Structures are given as C-alpha cells and as structure tokens.
Amino acid sequence: MIRNAEEFVRLRTSDDMVEQDMATWEEANVEVWLDIIKKYPEMKECVAHNKKIQQEILLILSDDPDWKVRSTVARKGSAGEKILWKLSKDESEAVRTGVIANRCITKEILESLLHDHVAEVSEFAMKKLQKLGYKN
Numbered sequence: 126m127i128r129n130a131e132e133f134v135r136l137r138t139s140d141d142m143v144e145q146d147m148a149t150w151e152e153a154n155v156e157v158w159l160d161i162i163k164k165y166p167e168m169k170e171c172v173a174h175n176k177k178i179q180q181e182i183l184l185i186l187s188d189d190p191d192w193k194v195r196s197t198v199a200r201k202g203s204a205g206e207k208i209l210w211k212l213s214k215d216e217s218e219a220v221r222t223g224v225i226a227n228r229c230i231t232k233e234i235l236e237s238l239l240h241d242h243v244a245e246v247s248e249f250a251m252k253k254l255q256k257l258g259y260k261n
C-alpha cells in the first residue's frame with residue numbers, strides 16, 4: 126500500500142520497473158491521492174493510471190483542466206457510467222475519443238457520440254457500435 130505522496134512520486138519516477146509497477150498497482154487511501162494531486166500536480170496523469178484508484182478521485186480528475194488527465198480517466202474501465210457520460214461531452218476531441226475507446230462504454234453513450242460535431246469522433250463511435258454488434 127502506498128502510504129504517502131512522496132512514496133508514490135519516488136515509485137513512479139524510479140528507474141526500477143518493479144517500483145514503477147508498484148505505483149500502478151498498489152492501493153492508497155483517498156487522503157494520499159488528494160495529497161499527491163495537491164503537492165504534485167504534474168503527477169495527476171500517473172495517479173489516474175493507478176489500477177486501484179477510487180471513484181471519488183476519478184471524479185475529481187475528470188474535472189482537471191489538463192485534457193491529458195481527463196483523457197486518461199476516460200479510457201479507464203473503472204471510470205463508471207456517470208464519469209463517461211460527463212466526459213462524452215468534454216470540449217476535447219481526445220477525451221471524447223477516449224470515452225469511445227473505453228472497454229466499458231455503454232450503447233447509449235456511443236449512440237450519443239454518433240452526433241458529435243467532429244466527424245472523426247462520430248465515425249469512431251459508429252465503428253465501435255458495429256464492432257460491439259449493435260445496429261443503429
């Protein structure tokens with residue numbers, strides 16, 4: 126378990142791949158994640174990559190001003206429908222594309238993205254619907 130912000134940063138920036146993997150796979154409590162976000166904002170994308178991250182933290186990161194952080198959240202299978210709906214309306218094309226790429230996306234969210242103002246996004250949504258066997 127990751128015990129504090131400094132430990133996470135040390136693990137994530139280590140040259141040792143085992144330690145980097147620990148930053149990806151080890152749990153931390155909500156207070157630790159919030160401390161990392163506050164003290165080390167440049168690590169928010171790394172926080173979003175953690176496999177055990179809580180919904181509460183993903184919800185916070187889904188509002189981040191950096192599109193790369195929001196895109197990372199959008200691609201997480203654990204993001205959940207509420208966060209995916211929110212990010213499906215994001216201003217960033219990369220974030221909306223990340224939502225479509227999410228393995229847990231619902232048919233309803235995909236169908237809403239068929240009407241995206243960016244042709245590539247709506248085409249990607251159509252291809253994903255077809256790949257999943259949905260008829261539109």
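To convert, note that position 51 of the sequence shown is 176 in our numbering; the numbers rise steadily by one, no gaps.
We treat Cβ as the ideally placed atom computed from N, Cα and C, and that holds for glycine.
Predicted model, so just to flag it, every value in this text is computed and none were measured.
Judged by DSSP in its simplified three-state form, V243 adopts coil rather than helix or strand. For S196, the enclosing alpha helix (DSSP H) starts and ends at 192 to 199.
Contact between M126 and A153 is confirmed by a C-beta separation of about 7 Å, below the 8 Å threshold.
An exposed status is given to L257, since fewer than 16 other beta-carbon atoms sit within 10 Å of its beta-carbon.
Its chain contains R195, V198, I208, K211, L212 as the residues whose beta carbon lies nearer than 7 Å to that of S187, once the 5 sequence neighbours on both sides are disregarded; these appear in chain order.
Straight-line spacing of the CA atoms in K214 and R221 works out to 7 Å. Residues A130 of the same chain have their beta carbon placed closer than 6 Å to that of D160, with the five preceding and five following residues left out of the count. Counting along the chain, S237 sits inside the alpha helix (DSSP H) bounded by residues 232 to 238. Per the C-alpha coordinates, the member of E218, W192, Q180, E151 positioned closest to E167 is W192.
With a cutoff of 7 Å on beta-carbon distance, I230 and A250 are scored as not near each other.
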